[in-house]
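Q: So the protein lines, in turn, are chains W and E.
For the first sequence, position 184 (counting from the first letter as 1) is numbered 183 according to numbering that gives the first Met the number 0, and the numbering increases by one without interruption.
For the second sequence, position 199 (counting from the first letter as 1) is numbered 198 according to numbering that gives the first Met the number 0, and the numbering increases by one without interruption.
My structure is below; once you've seen it, I'll send some questions.
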Amino acid sequence: MIELKNVTKQYGSLTAVDDVSFSVKAGESFALLGPNGAGKTTIVKLLLDFARPTAGRLTINGIPTSKPECRTAIGYLAENHRIPAGLSGWNYLLRCAELLDIRQTAAEDQCRRIVEQIGMQGREHTKAGTYSKGMIQRFGLGAALLGEPKLLILDEPTSGLDPIGIRETRQLLESLKGQGMTVFLNSHLLSEVEKICDSAAIINRGRLLVKDTISAIVRDGETLEDVFVRLVKG
Amino acid sequence: MKTSKMLPSIARIAKFTFTDEVRQKSFVIMFIFCVLCVFLLRGCYHGNYMVNGQTLDAATVVKALSKVTFHVIGAGVMVITALFSMRIFRRDRSEGLQSCILSKPIVRWQYVTGKIIGLWVLSALFMFILHGIIFLVSSVNLQIFMPEYLVASLLCSVNLLFVVLAVLLLSLLMPDIVAFLCVLAVGVVGFVADGIAAVSQSQIVQTLIQQPGSGLQSEVTWWKVVYIVWPKLLGVQQSATSLLGNEPILGFATLYPFLNVLLYCLILGALLFWRFRKEDLI
Numbered sequence: 000m001i002e003l004k005n006v007t008k009q010y011g012s013l014t015a016v017d018d019v020s021f022s023v024k025a026g027e028s029f030a031l032l033g034p035n036g037a038g039k040t041t042i043v044k045l046l047l048d049f050a051r052p053t054a055g056r057l058t059i060n061g062i063p064t065s066k067p068e069c070r071t072a073i074g075y076l077a078e079n080h081r082i083p084a085g086l087s088g089w090n091y092l093l094r095c096a097e098l099l100d101i102r103q104t105a106a107e108d109q110c111r112r113i114v115e116q117i118g119m120q121g122r123e124h125t126k127a128g129t130y131s132k133g134m135i136q137r138f139g140l141g142a143a144l145l146g147e148p149k150l151l152i153l154d155e156p157t158s159g160l161d162p163i164g165i166r167e168t169r170q171l172l173e174s175l176k177g178q179g180m181t182v183f184l185n186s187h188l189l190s191e192v193e194k195i196c197d198s199a200a201i202i203n204r205g206r207l208l209v210k211d212t213i214s215a216i217v218r219d220g221e222t223l224e225d226v227f228v229r230l231v232k233g
Numbered sequence: 000m001k002t003s004k005m006l007p008s009i010a011r012i013a014k015f016t017f018t019d020e021v022r023q024k025s026f027v028i029m030f031i032f033c034v035l036c037v038f039l040l041r042g043c044y045h046g047n048y049m050v051n052g053q054t055l056d057a058a059t060v061v062k063a064l065s066k067v068t069f070h071v072i073g074a075g076v077m078v079i080t081a082l083f084s085m086r087i088f089r090r091d092r093s094e095g096l097q098s099c100i101l102s103k104p105i106v107r108w109q110y111v112t113g114k115i116i117g118l119w120v121l122s123a124l125f126m127f128i129l130h131g132i133i134f135l136v137s138s139v140n141l142q143i144f145m146p147e148y149l150v151a152s153l154l155c156s157v158n159l160l161f162v163v164l165a166v167l168l169l170s171l172l173m174p175d176i177v178a179f180l181c182v183l184a185v186g187v188v189g190f191v192a193d194g195i196a197a198v199s200q201s202q203i204v205q206t207l208i209q210q211p212g213s214g215l216q217s218e219v220t221w222w223k224v225v226y227i228v229w230p231k232l233l234g235v236q237q238s239a240t241s242l243l244g245n246e247p248i249l250g251f252a253t254l255y256p257f258l259n260v261l262l263y264c265l266i267l268g269a270l271l272f273w274r275f276r277k278e279d280l281i
């Protein structure tokens, strides 16, 4: 589903991503891990064509990421998601549905279902300016689910959520995974990743350190956190 | 991507740009302030002007006055348009709208086109409403109808397109306020240069030029070339207002400012699309 081949991204003299290659299969739940500034968000930006690679090739379903067609079945949640303060969560979801060319009645049905899924009933018509960070994050996740995407790209989806919100998001992601959706997760919460994901890649300073199934990465008696610290520090 | 899918996306982005801007408090305040200022001019439209004990023809007075207000409104709306446009990309980025739109199957040029159209329609409507108030005041107070006033307003919207494109392009290259000031400077220089050119066409200056040894010759100089190719924003307004006074249409001289500004719009538009295509979105 997702394929990166020798991808490099440079910002001036800084190499944010350095010759990274990996692939994610359809239906797989994948986590991209790394310390701050490792290049995770840059990889997400490259996948969405928000930035262009200096070298290498990225494809989604075999289509180069530079083509808009490859984004037809992608749901995306940005790190520190934001909603214009003057819009309500409901109007924001409707606007996203309109951008996806979903018809008015179908969009309203989908939005109603999604508001329930993200647990925001009763608050959807309030202006986003009054929302907490966690609530904005939930609406962002809701917007990513519009149009029944086949691939979800989530950049720090639990950022700003309280423990209950984190648990609910995990349950939601597990149910989506059960429905065969491919999940590309960019997260710091290693314990959550361990529970949700089938496979993971760890990068540091733009370089890929490991890419394998979680069970293959984590040895007996170790946690994902132990492996992460060992690889990043070592 | 099919054209049938491209056009609705552009229209939607234009609609969102329009509604988001109208929702801003600063826009509402600015709009109300401008409408009130234009309404204050209604006192000038009473038709009782007397010079040396003679009553002047109301239609002549109204046309002369309306020309002045036309230019003032046109120039004022250009400044306001530059103010709206300078923060568009930054606000979309900070409110997460840019990543929200571009993570969908929407191409960057569609996004930029939607932004341009949204801003242009908004500013043209803003100017049209202000000009429309003058039209209504003269129609109601003096029963003088000037439909050509509204046509001239629509023609002048070419200037607003120029401002939108210039500010959007410059805001990608420099801080927003600097982009605004640069476009303002282009406008001010153009207005001053056109003013000097108008003065130089006056009889007194022409007489001076023709005096032997006055030093002012009609040879081609670099500053004359710069003057001719400089964006003719005031020229567009003057050409549009020639509709008001039943002035003779001077052929290419009337048409040139429009061609000049339209050519600039094409160049700025091409540069804007090219620059935004290369932009890394944050």
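Glycine included, C-beta positions come from ideal geometry on N, C-alpha and C.
Pick out the complete alpha helix (DSSP H) segments inside the stretch 127 to 192 of chain W, 4 residues or longer, and give them in chain order.
A: Within the stretch 127 to 192 of chain W, the complete alpha helix (DSSP H) runs of at least 4 residues are 132 to 144, 162 to 177.
Q: Under three-state DSSP, which class holds THR222/W?
A: Of the three classes helix, strand and coil, the one that applies to THR222/W here is coil, per DSSP.
Q: Which bits of chain W does GLU94/E rub up against, with CB to CB less than 7 Å?
A: Those are ARG81, PRO83, listed as they occur along chain W.
Q: For PHE49/W and LYS8/W, what's the separation of their Cα atoms in angstroms?
A: Going from the Cα of PHE49/W to the Cα of LYS8/W covers about 12 Å.
Q: So for TYR110/E, helix, strand or coil by DSSP?
A: Of the three classes helix, strand and coil, the one that applies to TYR110/E here is helix, per DSSP.
Q: Rounding to the nearest angstrom, what Cα-Cα distance links LEU75/E and ASN259/E in this structure?
A: The residue you asked about is not Leu; residue 75/E is Gly in the sequence shown. So the alpha carbons of these two residues sit roughly 21 Å apart.
Q: Can you tell me whether PRO162/W is buried or exposed? The criterion is at least 16 other CB atoms within 10 Å of its CB, across all chains shown.
A: Label assigned to PRO162/W: exposed.
Q: Tell me the residue span of the beta strand (DSSP E) that contains ILE1/W.
A: 1 to 10 is the extent of the beta strand (DSSP E) around ILE1/W.
Q: Could you name the residues of chain W that ILE105/E contacts, counting a contact when the two beta carbons are closer than 9 Å?
A: By Cβ distance, chain W contributes PRO67, ARG70, LEU98.
Q: Compare the Cα-Cα distances from SER87/W to each of ALA215/W, GLN109/W, MET119/W and report the closest residue.
A: Closest by alpha carbon: MET119/W.
Q: Identify whether ASN259/E lies in helix, strand or coil by the three-state DSSP scheme.
A: Three-state DSSP puts ASN259/E in a helix.
Q: For chain W, find out if any of its Cβ atoms is closer than 7 Å to the Cβ of ASP279/E; answer yes or no.
A: So, interface residue.
Q: Taking its Cβ as the centre, do 16 or more other Cβ atoms sit within 10 Å of GLY139/W, making it buried, or is it exposed?
A: So GLY139/W counts as buried.
Q: Which residue's Cα is closest to the Cα of ILE202/W: HIS187/W, GLU193/W, GLU191/W, CYS196/W?
A: When only C-alpha atoms are compared, the closest one is HIS187/W.
Q: When you compare each of ALA54/W, LEU47/W, LEU208/W, TYR91/W to PHE15/E by their alpha carbons, which one comes out closest?
A: Closest option to PHE15/E, Cα to Cα, is TYR91/W.
Q: GLY74/W and ALA143/W - do their beta-carbons sit closer together than 7 Å?
A: Yes. Within cutoff.
Q: Just the C-alpha distance for LEU243/E and VAL37/E, rounded to the nearest angstrom, thanks.
A: The alpha-carbon atoms of LEU243/E and VAL37/E are separated by roughly 19 Å.
Q: Expressed to the nearest angstrom, what Euclidean distance is found between the alpha-carbon atoms of ASP100/W and GLY146/W?
A: Straight-line Cα distance between these residues: approximately 9 Å.
Q: Between which two residues does the beta strand (DSSP E) holding SER20/W run?
A: Per DSSP, SER20/W belongs to the beta strand (DSSP E) from 13 to 23.
Q: From which residue to which residue does the beta strand (DSSP E) around ILE201/W run?
A: Counting along the chain, the beta strand (DSSP E) containing ILE201/W begins and ends at 198 to 203.
Q: What does the alpha-carbon distance come out to for the pair LEU46/W and GLU193/W?
A: Roughly 23 Å separates the two Cα atoms.
Q: With contact counted as at least three CB pairs below 8 Å, one residue from each stretch, are the stretch 100 to 117 of chain E and the stretch 150 to 158 of chain E in contact?
A: No, the stretch 100 to 117 of chain E is not in contact with the stretch 150 to 158 of chain E.
Q: Excluding the five sequence neighbours on either side, which residues of its own chain have a C-beta within less than 8 Å of the C-beta of LYS44/W, listed in chain order?
A: Within the same chain, LYS44/W has close Cβ partners ALA50.
Q: Give the interface partners of ILE73/W over in chain E, defined as CB-CB distance under 9 Å, in chain order.
A: Near ILE73/W (Cβ distances below 9 Å), the residues of chain E are SER102, LYS103, PRO104.
Q: Do you know how far the Cα of PRO174/E is from the Cα of LEU96/E?
A: Using only the alpha carbons, I get a separation of about 20 Å.
Q: When the Cα of THR157/W is compared with those of GLU78/W, THR181/W, THR64/W, which residue comes out closest?
A: The residue with the shortest Cα to Cα distance from THR157/W is GLU78/W.
Q: Step through the CB atoms of chain W and report whether any lies within less than 7 Å of the CB of SER25/E.
A: It does not: the Cβ of SER25/E has no partner Cβ on chain W nearer than 7 Å.
Q: Just curious, the alpha helix (DSSP H) that VAL166/E is in, first and last residue?
A: Element bounds for VAL166/E: 146 to 172.
Q: Which term fits LEU55/E, buried or exposed, when burial requires 16 or more other beta carbons within 10 angstroms of its beta carbon?
A: Exposed is the call here.
Q: For TYR255/E and ARG111/W, what's the separation of their Cα atoms in angstroms?
A: Between TYR255/E and ARG111/W, the C-alpha separation is close to 56 Å.
Q: Please state whether DSSP places ARG122/W in a helix, a strand or coil.
A: In this structure, ARG122/W counts as coil in the three-state DSSP scheme.
Q: Below 7 Å between beta carbons: does that hold for MET85/E and SER170/E?
A: For MET85/E and SER170/E, yes; Cβs fall inside 7 Å.
Q: Using the Cα positions of LYS176/W and ILE59/W, report the straight-line distance between them to the nearest angstrom.
A: Those two C-alpha atoms are separated by around 18 Å.
Q: Pull the bridge partners of LYS210/W from the DSSP assignment, please.
A: Per DSSP, ALA200/W.
Q: Please report the distance separating the alpha-carbon of LEU82/E from that of VAL224/E.
A: Spanning the two alpha carbons is a distance of roughly 30 Å.
Q: Let me check understanding here. Comparing Cα to Cα, which of ILE31/E, LYS103/E, LEU40/E, LEU39/E lies closest to SER65/W?
A: Among ILE31/E, LYS103/E, LEU40/E, LEU39/E, the Cα nearest to that of SER65/W is on LYS103/E.
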